[in-house]
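**Q** This is the structure I have questions about; it appears just below.
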Amino acid sequence: MLSRLTRPQALAVCALPVVALLATAAFAPLPFSLAQPGTTANVLGENQGTPVISVSGAATRKTSGQLRMTTIVVTGPETKVSLGDVFDNWFRTDRAVMPRDAVYPSGDTVKEIEKHNLAQMQESQDAATQAALKYLGLNADKVKVSLKLADVGGPSAGLLFSLGIIDKLDGDGSGGDLTGGRTIAGTGTIDASGKVGAVGGVALKTQAARRDGATVFLVPKAECADAESELPKGLRLVPVTTLDSAVDSLVALEKGKGPVPSC
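Encoded structure:
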């Protein structure tokens, strides 16, 4: 003979599997990565005691101001992210929750990812050098550029590398600095023709830039909306599409003449 459960008893029995499911979900790993503002580095200066930009075959100039490339820090490919981690970070302006596959290609091991990022950085440096020398009208067979930036991978420093090379060799073209003595930060890929491409994580990079003293941030034009979403006070956005447009904007800022685009 079966006894009949009271309503409270029935609700309690039904709630048990739901509670168990929620408890399991709270601690189960999810396919997400967590990101936050990372370090920045002045490409006109030194990194770990070594000049970021070294040039042979052409005279270089003493520069003032800074050109800071920016990064984000992302949890490793093997880090387990729980539902609690997602909730804790979802509403923070200094954190981002990103699909893991958007950060790390599925199936790649840690070593494969590191190798891929280093290869992208090398390709980015080569393209940045070609773009800068082409802009200056210099022969790559006579002018050699070495770029060294430890513990950073990927292609997003390309634009800042190119600008750093130009500032080291020619400044604003008339004896002044591209920076105008300011601390200028930015991000963006670059190809050998000087075209600037989007990179991702821009909102977090603007925070890293302002934290480290930047007042101007060069952003790929296609990512203006993302950059504006969490823009820190005191940081001016300057959208760019090419190396030429980036140089023109910096010269206009330095001299206080001519239009400077805005997002």
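Here our numbering is used: the sequence shown runs in plain steps of one and ends on residue 263.
Beta carbons are placed, not taken as given, at the ideal position from N, Cα and C, and that holds for glycine.
Rounded to the nearest angstrom, what separates residue 49 and residue 148 at their Cα positions?
**A** Here residue 49 corresponds to residue number 49 of the sequence shown, with the count starting at 1. Here residue 148 corresponds to residue number 148 of the sequence shown, with the count starting at 1. Roughly 11 angstroms separates the two Cα atoms.
**Q** For residue 23 and residue 101, I'd like the C-alpha separation in whole angstroms.
**A** Numbered from 1 along the sequence shown, position 23 holds the residue referred to as residue 23. Numbered from 1 along the sequence shown, position 101 holds the residue referred to as residue 101. With a pLDDT of 44 at residue 23, under the threshold of 50, the modelled position of this residue cannot be trusted; read the value that follows with caution. If you take the alpha carbons of residue 23 and residue 101, they lie about 25 angstroms apart.
**Q** Excluding five sequence neighbours on each side, which residues of the same chain lie with their C-beta closer than 6 angstroms to the C-beta of residue 57?
**A** Start at 1 with the first residue of the sequence shown, and residue 57 comes out as number 57. Closer than 6 angstroms at Cβ, skipping near neighbours: 142, 143, 144.
**Q** Who are the Cβ neighbours of residue 232 in its own chain at under 7 angstroms, not counting the five residues just before and after it?
**A** Taking the sequence shown and counting its residues from 1, the one referred to as residue 232 is at position 232. Exclusion of the five residues before and after residue 232 leaves 206, 207, 210 as the residues of its chain whose Cβ lies within less than 7 angstroms of its Cβ.
**Q** If you compare alpha carbons, which of 112, 158, 117, 136 is closest to residue 279?
**A** The requested residue 279 is not part of the displayed model; the chain covers only 1 to 263.
**Q** Just curious, the beta strand (DSSP E) that residue 89 is in, first and last residue?
**A** On the sequence shown, residue 89 is found 89 positions in, with the first residue counted as 1. It is not in any beta strand (DSSP E) - residue 89 instead sits in the alpha helix (DSSP H) that spans 83 to 90.
**Q** Quick one: residues in its chain with C-beta nearer than 7 angstroms to the C-beta of residue 181, no 5 flanking neighbours on either side, listed in chain order?
**A** Looking up residue 181 in the sequence shown gives position 181. Taken in chain order, the residues that qualify are 64, 65.
**Q** In whole angstroms, give me the CA-to-CA distance for residue 170 and residue 139.
**A** If you number the sequence shown from 1, residue 170 lands on position 170. If you number the sequence shown from 1, residue 139 lands on position 139. Going from the Cα of residue 170 to the Cα of residue 139 covers about 14 angstroms.
**Q** Tell me whether residue 33 sits in a helix, a strand or coil according to DSSP, three-state version.
**A** As a first step, residue 33 must be located in the sequence shown, where it is residue number 33. DSSP places residue 33 in strand when its eight states are reduced to three.
**Q** Which first and last residues belong to the beta strand (DSSP E) in which residue 96 is found?
**A** Numbered from 1 along the sequence shown, position 96 holds the residue referred to as residue 96. Per DSSP, residue 96 belongs to the beta strand (DSSP E) from 96 to 99.
**Q** Drop a sphere of 10 angstroms on the beta-carbon of residue 217, count the other beta-carbons inside from all chains shown, and report buried for 16 or more, exposed for fewer.
**A** Taking the sequence shown and counting its residues from 1, one reaches residue 217 at position 217. It counts as buried.
**Q** Let's test the definition: count the other Cβ atoms within 10 Å of the Cβ of residue 118 and tell me whether it reaches 16, buried, or not, exposed.
**A** In the sequence shown, counting from the first residue as 1, residue 118 sits at position 118. Exposed, since its Cβ has fewer than 16 Cβ neighbours within 10 Å.
**Q** Rounded to a whole number of angstroms, what is the C-alpha to C-alpha distance between residue 21 and residue 165?
**A** Residue 21 sits at position 21 when you count from the first residue of the sequence shown. Residue 165 sits at position 165 when you count from the first residue of the sequence shown. At residue 21, the pLDDT of 38 sits below 50, so the modelled position is not reliable and the matter cannot be decided from this model.
**Q** Hey, could you find the ends of the beta strand (DSSP E) residue 56 is sitting in?
**A** Here residue 56 is taken as the residue at index 56 of the sequence shown, counted from 1. For residue 56, the enclosing beta strand (DSSP E) starts and ends at 53 to 56.
**Q** Report yes if the CB atom of residue 246 is closer than 8 angstroms to the CB atom of residue 163, and no otherwise.
**A** Here residue 246 refers to the residue found at position 246 of the sequence shown. Here residue 163 refers to the residue found at position 163 of the sequence shown. Yes.
**Q** If I measure Cβ to Cβ from residue 42 and keep anything under 6 angstroms in the same chain, skipping five residues before and after, which residues do I get?
**A** On the sequence shown, position 42 is the one that residue 42 refers to. Around residue 42: 66, 68.
**Q** When you compare only the Cα positions, how much space is there between residue 264 and residue 188?
**A** In the structure displayed, the chain extends from 1 to 263; residue 264 sits before or after that span and is not available.
**Q** For residue 47, which of helix, strand or coil comes out of DSSP?
**A** Here residue 47 corresponds to residue number 47 of the sequence shown, with the count starting at 1. It is a strand residue.
**Q** Note the first and the last residue of the continuous beta strand (DSSP E) segment covering residue 146.
**A** Taking the first residue of the sequence shown as position 1, residue 146 is located at position 146. Where residue 146 is concerned, the enclosing beta strand (DSSP E) stretches over 144 to 147.
**Q** Output the boundary residues of the beta strand (DSSP E) element that contains residue 185.
**A** As a position in the sequence shown, residue 185 is number 185, starting the count at 1. First-last of the beta strand (DSSP E) with residue 185: 183 to 186.
**Q** Do residue 123 and residue 153 count as a contact pair if the criterion is CB distance below 8 angstroms?
**A** One-based indexing of the sequence shown puts residue 153 at position 153. One-based indexing of the sequence shown puts residue 123 at position 123. Cβ distance not < 8 angstroms, so residue 153 and residue 123 don't count as in contact.
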